[in-house]
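Sequential numbering of the sequence shown, starting at 26, is according to our numbering.
The next block holds one structure in the form of structure tokens; read it before the comments.
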Amino acid sequence: MSGRVPPGDFAGSSPVWLRQPEDVNALVPALWSRTACKDADGVLHVGGLSVADVVANVNTPAYLLDEDDFRSRARAFRDAFDGYDVYYAGKAFLSTAVARWVEEEGLCLDVCSDGELSVALRAGVDPGRIGYHGNNKTAMELRRAVHAGVGRIIVDSFVEIERIADVAAQLGVVQPVMVRVTAGVEAHTHEFIATAHEDQKFGLSISTGDAFEAARQVLAAPSLELRGLHSHIGSQIFDTSGWEVAARRVLALHARIAAELGHTLPELDLGGGFGIAYTTQDDPAEPAVLAEQITAIVTAECAALGLDVPHLSIEPGRAIVGPAMCTVYTVGTVKQVALDGGATRTYVSVDGGMSDNIRPALYDADYSCTLASRHSAAAPVLARVVGKHCESGDIVVKDEFLPGDVGPGDLLAVPATGAYGRSMASNYNHALRPPVVAVRDGQFRVIVRRETIDDLLATDLG
Ligand code: LLP
Numbered sequence: 026m027s028g029r030v031p032p033g034d035f036a037g038s039s040p041v042w043l044r045q046p047e048d049v050n051a052l053v054p055a056l057w058s059r060t061a062c063k064d065a066d067g068v069l070h071v072g073g074l075s076v077a078d079v080v081a082n083v084n085t086p087a088y089l090l091d092e093d094d095f096r097s098r099a100r101a102f103r104d105a106f107d108g109y110d111v112y113y114a115g116k117a118f119l120s121t122a123v124a125r126w127v128e129e130e131g132l133c134l135d136v137c138s139d140g141e142l143s144v145a146l147r148a149g150v151d152p153g154r155i156g157y158h159g160n161n162k163t164a165m166e167l168r169r170a171v172h173a174g175v176g177r178i179i180v181d182s183f184v185e186i187e188r189i190a191d192v193a194a195q196l197g198v199v200q201p202v203m204v205r206v207t208a209g210v211e212a213h214t215h216e217f218i219a220t221a222h223e224d225q226k227f228g229l230s231i232s233t234g235d236a237f238e239a240a241r242q243v244l245a246a247p248s249l250e251l252r253g254l255h256s257h258i259g260s261q262i263f264d265t266s267g268w269e270v271a272a273r274r275v276l277a278l279h280a281r282i283a284a285e286l287g288h289t290l291p292e293l294d295l296g297g298g299f300g301i302a303y304t305t306q307d308d309p310a311e312p313a314v315l316a317e318q319i320t321a322i323v324t325a326e327c328a329a330l331g332l333d334v335p336h337l338s339i340e341p342g343r344a345i346v347g348p349a350m351c352t353v354y355t356v357g358t359v360k361q362v363a364l365d366g367g368a369t370r371t372y373v374s375v376d377g378g379m380s381d382n383i384r385p386a387l388y389d390a391d392y393s394c395t396l397a398s399r400h401s402a403a404a405p406v407l408a409r410v411v412g413k414h415c416e417s418g419d420i421v422v423k424d425e426f427l428p429g430d431v432g433p434g435d436l437l438a439v440p441a442t443g444a445y446g447r448s449m450a451s452n453y454n455h456a457l458r459p460p461v462v463a464v465r466d467g468q469f470r471v472i473v474r475r476e477t478i479d480d481l482l483a484t485d486l487g
């Protein structure tokens, strides 16, 4: 039944990585959460539930979060990175339920705003297990963080050293901090999500000496305790060579601080950024492989520098929540659009778009999707799935083979939307942000409800 693409369709222009599937109804397991499967009627199930049944209750669009998958990925990082602290990066997606799962699975939590900190505290996360990031934390945010007793604040500028030192002195505490350094690594990822090259806003440069100077200033402040250095090289990275270069440069600084300032840093954080599969182009490594390689890199470098291996930590966000969620949409319209040269492109419009997933528009990110509500015997067509927003860059899935009879009322599901989907969602065109529905063992639970028109109007004071 893996029919051929009809002549005149857009097959000739499909991206080189996209292969027409043998069976257009089949899931590609590597892209989906672990409990995802299709039943004999072609209906997608996640967490032991038919997505058609779930959305009959919660409507579309909706994010479905596979709780077992999330927890097992969290555990996989915790177990693989044995002896490390694993901080889940809440910016990828955070809610009180998720913050509790993170804590129950033995992970720590990275937050980067007062909002994220508030969610974590509301969830009852032990503040001592929270790390606080940000390149421009306000005095108010720092006061709240220090007052709450966060386990570490990651310092990102000279002025912030003063601010934290003042707040901690006023509150009569000694605040543990780390210094975020830029190691000058060019991570092979989109420019907007690469963070350790020199010309960007994060961290203090190792090469200019700013990072060393920041460490010196922290050590000189009686209300601060310097725990270590922090390096995050970027996001959606597949190859450990970037961490290797970063670790080498960061550990060299570690050694310099020991030699010149007489202080052995007890900790080192290597950040997050572990890539996931959005489409068949991506082939991420298992946490165990990453752990083995990263530990070997750090151990070898420490040996070469004559350092004891510091207590290590990492901050994965995407690799834990990304594959655990999918987004379910309803198809509204299907159009054949004529292209130059006589080909046509099939445009499938769904009831969400760039307001629930900005990543295709912002990073040119690729996704995939599947017909989630039925089996189809129709031959595949190369389709573009688009949203309902008022701009042509409102793309959900740039290129995907879908059954040729896809039509209004069908459900489409997009895998791997858990990271930076709901967390970067907007109210563009006054869209109502969709709910996040946790599914597990045949039960569903709305953990973030859909916004309402009243929510939208609540901030409009007339
Ligand atoms: N640690 C720090 C200091 C970070 O800045 C980040 C991400 C992470 C950890 C987690 O990175 P992850 O493991 O999730 O890749 N909005 C972009 C990603 C921005 C990442 C920002 N920082 C995207 O949608 O791809």
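Where is the CB? At the ideal position from N, CA and C, for every residue including glycine.
All figures in this text were calculated on a predicted structure; none of them were measured in a lab.
Here T121 carries a helix assignment [DSSP, helix/strand/coil]. Apart from the 5 residues on each side of it in sequence, I345 sits with its Cβ closer than 7 Å to the Cβ of F95, R98, A99, F102 and Y113 in its chain, given in chain order. For L134, the CB contacts under 7 Å within the same chain, skipping 5 residues up- and downstream, are Y112, Y113, G115, A124, V127, A145, V150, R154 and I155 in chain order. The C-alpha of E285 is placed about 45 Å away from the C-alpha of G446. Rounded to whole angstroms, the gap between the alpha carbons of T484 and D294 is 39 Å. When DSSP states are grouped into helix, strand and coil, V198 belongs to the coil group.
As DSSP reads the structure, E285 sits in no beta bridge. For K360, DSSP records a beta bridge to Y372. Listed in chain order, the non-local C-beta contacts of R169 below 8 Å within the same chain comprise D139 and L142, local neighbours out to five positions each way being set aside.
If you check the C-beta of K116 against ligand 1, you find a heavy atom less than 7 Å away. In the three-state reduction of the DSSP assignment, P385 falls in the helix class. Rounded to whole angstroms, the gap between the alpha carbons of S448 and R252 is 30 Å.
Secondary structure of L427 (DSSP, three-state): strand.
With distances taken between CA atoms, G467 lies nearest to T60 out of L52, I186 and T60.
Taking D430 as reference, the option from G378, K360 and K413 with the minimal CA-CA separation is K360. The bridge partners DSSP lists for T352 are Y88 and V439.
V461 and T477 have their C-alpha atoms some 14 Å from each other. Between Y109 and I339, the beta carbon gap of about 6 Å places them in contact (Cβ cut-off 8 Å). In the DSSP annotation of this structure, P405 is not part of any alpha helix (DSSP H); the continuous beta strand (DSSP E) holding it starts and ends at P405 to V411. Rounded to the nearest angstrom, the Cβ distance from A164 to V192 is 7 Å, consistent with a contact under 8 Å. Going by DSSP, Q468 is part of the beta strand (DSSP E) stretching over Q468 to V473. For the pair of segments examined, the stretch 319-336 was found to touch the stretch 273-289: the number of CB pairs separated by less than 8 Å reaches three. Contact check between the stretch 225-237 and the stretch 303-311: fewer than three CB pairs, one atom from each, fall below 8 Å, which does not count as touching. The closest heavy atom of ligand 1 lies 7 Å or more from the beta carbon of A310. Per DSSP, reduced to three states, the secondary structure at A99 is helical. Fewer than three pairs of CB atoms, one per stretch, sit closer than 8 Å, so the stretch 67-79 makes no contact with the stretch 310-324. Looking from the CA of S38, the closest CA among L364, R470 and G412 belongs to L364.
Fully contained in the stretch 113-196 are the following beta strand (DSSP E) runs of length 3 or more, in chain order: 133-136, 155-157 and 177-180.
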